[in-house]
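What follows is a single structure, written as C-alpha cells, with notes after it.
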Amino acid sequence: MRAHICLMVTSAARKSPVRKRRAYEYLGTTSDGVRIIKPPRGRGNLTDAQIRQIVEGLLDSTGLRRKSEPAE
Amino acid sequence: MADGSRDVFVNCAFDADFKPIFDAIVFATVRSGFRPRAALETDDSSESRFAKIQQLIEECPLGIHDISRVEAGGTPPLPRFNMPLELGVFLGAKRFGDTTQKRKRALILDVERYRYQRFMSDIAGQDIHAHGGDPAVAISEVANWLRVYSSAANVPGGKRIAEEYALFCEQLPARLASLDLHPSDVSFNDFRSIVSVFVEAI
Chain L
1 MRAHICLMVT SAARKSPVRK RRAYEYLGTT SDGVRIIKPP RGRGNLTDAQ IRQIVEGLLD
61 STGLRRKSEP AE
Chain S
1001 MADGSRDVFV NCAFDADFKP IFDAIVFATV RSGFRPRAAL ETDDSSESRF AKIQQLIEEC
1061 PLGIHDISRV EAGGTPPLPR FNMPLELGVF LGAKRFGDTT QKRKRALILD VERYRYQRFM
1121 SDIAGQDIHA HGGDPAVAIS EVANWLRVYS SAANVPGGKR IAEEYALFCE QLPARLASLD
1181 LHPSDVSFND FRSIVSVFVE AI
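Protein chains in written order, with our numbering: chain L, 1 to 72; chain S, 1001 to 1202.
Structure below.
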C-alpha cells in the first residue's frame, strides 16, 4: 500500500504545471480562410488611424483587396 | 502544436542590409496565420535585451533562425554571433526544457545550404534551408515550413505569398510618404500591424 501511494505521488509530481492555452484575438479571416491574429496594440509609433490609412492605400494600389467573403 | 501557441520567434539580423529578408519572413509568417515575434517588439530599457530574448524563446514554440549574417565587419573585422547564440538558447530550451519546450520546432536559414559547416559545424545533421539572399525564396521556405504546423487547410503557397509581398513592398513607400513618413519611421510593431491589417483584407 505504501509503495502504491509513493508511486502515485511521484507520478503527480512529474506532471508539468498546467499551462493555460494562449487565447488570441483575431483580426479576421482572409479570402482563402486563413485566420489572422490581431497584433498587440499601442506599442508602435503609428496610430491605429495611420495604420488603417496606409493599409487602405495599399489595398487600392496593389489591387489585392478582397472581392469575396472569407472562406469558411 | 505546443500549447496551441502560434507565436513564431524570428531570430534575424535587424540591420538595413538584412531588412528585406526580415520583412519577408514577417510577412510570410502573418500570411500563414501565425504571429511573428522579435526582440524589437519591446523597448523597455530597464530590461536586459538577453532577458527579453530568453522570454520570447520560452513563449514561442516555433523559431525561424537566419544565421546568414555572420560576416566579419568593423575594425578590426569581427563576425556577428547573436543569431547563432539565440539559436543555441532555442535548441537548449528544446533539449533541457519541460514537455512544452521539448515540442519546439526550428527552421534554420542561411544564404547557402552547407555554408554553416564552415562556422557552426556542430549543428551538422540539422536540415538547413538556403534563401540565397532572395526575399521571395525566404518567403517560400517559411511558408512551406509553417504550413506543416497550420491547422488551416487553405494556407497559400510560398509563390503566391511572394507575389503578394512584392506588390506590398512596391507600394508601401508611397503610402508612407503620403503621411510624411519614411520606411525608417516604421517600427517592427508598426510593420507587423500594417502587414496584419493588410493581409486580413485580401
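Every residue gets a Cβ at the ideal spot worked out from N, C-alpha and C, and that includes glycine.
- At least 8 angstroms separates the CB of P1173 (chain S) from every CB of chain L.
- Around the beta carbon of P1156 (chain S), 16 or more other beta carbons lie within 10 angstroms, which makes this residue buried.
- Counting of Cβ neighbours within 10 angstroms places F1050 (chain S) among the exposed residues, the total staying below 16.
- In the structure shown, Y1114 (chain S) adopts coil according to DSSP, grouped into three states.
- Between the beta-carbon of E1200 (chain S) and that of G28 (chain L) there is about 5 angstroms, and that keeps the pair under the 8 angstroms contact cut.
- The beta carbon of P1156 (chain S) falls within 8 angstroms of a beta carbon belonging to chain L, placing the residue at that interface.
- Counting only Cβ-Cβ distances below 8 angstroms, L1179 (chain S) has contacts in chain L at Q50, Q53 and I54, in chain order.
- As the crow flies, the alpha-carbon of A1072 (chain S) is around 34 angstroms from that of R1006 (chain S).
- Against L1087 (chain S), chain L offers no close residue; the least beta-carbon distance is about 23 angstroms (beta-carbon pairs closer than 9 angstroms).
- Within the segment 1115-1193 of chain S, the complete alpha helix (DSSP H) segments at least 4 residues long are 1135-1149 and 1158-1177, listed from N- to C-terminus.
- When DSSP states are grouped into helix, strand and coil, V1010 (chain S) belongs to the strand group.
- When C-alpha distances from N1011 (chain S) are compared across S:K1052, S:S1032, S:S1046 and S:E1047, the shortest belongs to S:K1052.
- Legend: CB atoms of the segment 1033-1059 of chain S lying less than 7 angstroms from CB atoms of chain L belong to residues G1033, R1035 and E1041.
- Secondary structure at L1091 (chain S): helix, using DSSP grouped into helix, strand and coil.
- In the structure shown, G1063 (chain S) adopts extended strand secondary structure according to DSSP, grouped into three states.
- The CB of E1164 (chain S) comes closer than 9 angstroms to the CB of T62 and L64 in chain L, given here in chain order.
- With a cutoff of 8 angstroms on beta-carbon distance, G1063 (chain S) and V1008 (chain S) are scored as near each other.
- R1113 (chain S) is outside the set of residues whose beta carbon lies under 8 angstroms from a beta carbon in chain L.
- Residues of chain L with a Cβ closer than 9 angstroms to the Cβ of A1013 (chain S) do not exist; the shortest Cβ-Cβ separation is about 21 angstroms.
- The residues P1036, R1192, V1195, S1196 and V1199, in chain order, have a CB closer than 8 angstroms to that of V1030 (chain S) in the same chain once the five nearest residues on each side in sequence are set aside.
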